[in-house]
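So in the numbering used here, spot 240 of the sequence shown is number 240, and the numbers just go up one at a time. The C-beta atom is built at its ideal place from N, Cα and C for all residues, glycine as well. To keep things clear, I will list the structure first and then write my remarks on it.
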Amino acid sequence: MGVSGEKHMRRRRFLACGLGLAAAVAGCGTERAGGSVPVTGFTLRPDGRRCERVGQAFAGAAQAVGYQPGGGFDLALSGLPAAAAAELNNSQSIVGTATPLARLSGEALVVVVPDGSPLKDFDDFGARMLADPGHTRLAGGSPGEPDHLLFGLIARALGADTRQVDYTGYPSEAEVMAALLSGRAVAAAGPLSAWRAGIERRRIRPLAVSSAARLPELDAPALLECGVRVDFKDWVGAFGPEGMAEESRDAAVRMCDEILGSSAWEAACRAAGWLPIPLAGDDFALWLDTELARTRAVLRDLGMVDTAKATTCWGSCGNGH
1 MGVSGEKHMR
11 RRRFLACGLG
21 LAAAVAGCGT
31 ERAGGSVPVT
41 GFTLRPDGRR
51 CERVGQAFAG
61 AAQAVGYQPG
71 GGFDLALSGL
81 PAAAAAELNN
91 SQSIVGTATP
101 LARLSGEALV
111 VVVPDGSPLK
121 DFDDFGARML
131 ADPGHTRLAG
141 GSPGEPDHLL
151 FGLIARALGA
161 DTRQVDYTGY
171 PSEAEVMAAL
181 LSGRAVAAAG
191 PLSAWRAGIE
201 RRRIRPLAVS
211 SAARLPELDA
221 PALLECGVRV
231 DFKDWVGAFG
241 PEGMAEESRD
251 AAVRMCDEIL
261 GSSAWEAACR
271 AAGWLPIPLA
281 GDDFALWLDT
291 ELARTRAVLR
301 DLGMVDTAKA
311 TTCWGSCGNG
321 H
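What follows is the structure, given as structure tokens:
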């Protein structure tokens with residue numbers, strides 16, 4: 001297939017994503033897509049159920065600052081799970097082929113143990129991981145998803161043998177909880193929403209959160225406080241079509257900046273339990289380069305991919321925020 005044919009196929013894949021929801025958000029006045037067609041708005045196309053929820057919140061915040069539903073070019077919402085899946089399958093995702101516009105939100109993960117665990121704090125857990133990673137049974141979502149990536153990053157930061165990490169992925173949060181409470185797992189990772197009820201009932205205890213700072217609603221330290229240099233979030237970003245015209249890209253970035261800087265967006269994130277982590281334009285592209293490289297590296301450390309694979313660099317690879 002020639003270069004033009006490959007680009008056509010990528011374009012078709014982009015347009016096929018997220019057909020279950022088209023949350024239209026207007027903006028940008030008389031900006032033009034492709035330099036010829038007047039653009040009156042943006043249509044958000046989410047990649048999966050979580051991105052759908054983020055898209056609904058984004059559309060609501062857009063309307064709160066004056067953008068009304070309309071037509072225009074497509075904006076895809078995708079994030080870390082899609083990027084990791086593409087690495088595992090040696091395939092391409094929106095994250096690697098479309099035009100990066102803005103990082104929208106992130107969800108911190110929580111490391112938990114059963115309430116009766118002999119591991120009293122994260123230091124105890126870290127010491128066990130470092131001494132015997134192959135017999136420290138861990139649980140979370142499917143292999144290669146954010147929960148697994150977090151344990152890989154923790155093992156690497158501790159200096160443990162990452163390839164010995166004993167991780168079992170489960171298709172549902174209920175099954176992860178069951179594995180934890182039955183003793184089939186020493187510890188588990190997942191979003192706070194998955195653990196909130198268990199923590200409140202004192203069935204499980206949080207040891208640490210993956211964000212750079214503590215979560216205000218949880219009595220648990222950040223990994224950085226525990227001496228583990230990991231700041232990790234399950235993020236969602238907005239992407240335009242591959243080869244997006246510069247003036248259209250600039251218009252979309254300006255709209256994202258306005259929405260993500262609004263009190264409406266902060267309130268929407270707070271209500272959903274997400275962290276607002278706005279980053280737009282070139283800064284987002286630079287950050288994305290390093291995030292994709294980190295994801296690829298930890299998958300390789302975990303033994304899930306054999307070699308580093310080339311990935312499109314939107315900024316200057318190796319630099320980030």
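Coarse secondary structure for residue i, derived from DSSP in three states
i      : result
GLU107 : strand
ALA268 : helix
LEU302 : coil
THR295 : helix
PRO146 : helix
PRO81  : helix
VAL25  : Residue confidence is low: VAL25 scores 38 on pLDDT, short of 50, so the model does not pin down where it sits. No coordinate-derived value is stated.
VAL253 : helix
ARG45  : strand
GLY134 : helix
TRP274 : coil
GLY261 : coil
ALA157 : helix
PRO86  : What sits at residue 86 in the sequence shown is Ala, not Pro. Residue state, collapsed to three classes: helix.
ASP123 : helix
PHE58  : helix
ASP231 : coil
ALA222 : strand
VAL39  : Residue placement at VAL39 is poorly supported in this model, since its pLDDT is 40, which falls under 50; the coordinates still yield a value, given next. If DSSP states are grouped into helix, strand and coil, VAL39 belongs with coil.
ALA245 : coil
ASP289 : helix
VAL95  : helix
GLY141 : coil
ASP74  : strand
Spatial distance of residue i from residue j (CA atoms)
i      : j      : result
THR136 : ALA179 : 13 angstroms
ALA212 : TRP235 : 14 angstroms
ALA297 : ALA160 : 15 angstroms
LEU153 : LYS233 : 12 angstroms
PRO216 : TRP287 : 26 angstroms
CYS269 : ARG300 : 32 angstroms
ALA208 : GLY169 : 20 angstroms
ALA220 : PHE122 : 9 angstroms
ALA285 : ALA238 : 11 angstroms
VAL54  : PHE42  : 15 angstroms
GLN164 : ASP306 : 15 angstroms
LYS120 : GLN63  : 47 angstroms
HIS148 : GLU246 : 37 angstroms
CYS226 : SER142 : 26 angstroms
ASP231 : LEU150 : 9 angstroms
TYR167 : ASP283 : 34 angstroms
ARG32  : ARG203 : Note on ARG32: pLDDT 38, under 50, position unreliable in the model; the coordinate value appears next. In a straight line, the C-alpha of ARG32 is about 55 angstroms away from that of ARG203.
ALA61  : PRO276 : 12 angstroms
GLY261 : ARG214 : 22 angstroms
Cβ-based burial, residue i [other Cβ within 10 Å; buried from 16]
i      : result
ARG184 : exposed
ALA131 : exposed
GLU291 : buried
GLU87  : buried
VAL228 : buried
ALA84  : buried
GLY303 : exposed
ALA57  : buried
GLU200 : exposed
CB-CB length for residue i against residue j, believed under 8 angstroms
i      : j      : result
ARG205 : VAL113 : 6 angstroms
ALA280 : LEU101 : 7 angstroms
VAL176 : ALA188 : 5 angstroms
GLY190 : LEU109 : 6 angstroms
PRO278 : ARG103 : 7 angstroms
Return the chain-ordered ranges of every beta strand (DSSP E) run that is complete within the segment 163–213 and spans a minimum of 3 residues. For the beta strand (DSSP E) assignment, the uninterrupted runs of no fewer than 3 residues enclosed by the segment 163–213 are, from N- to C-terminal side, 167–169, 187–191, 204–209.
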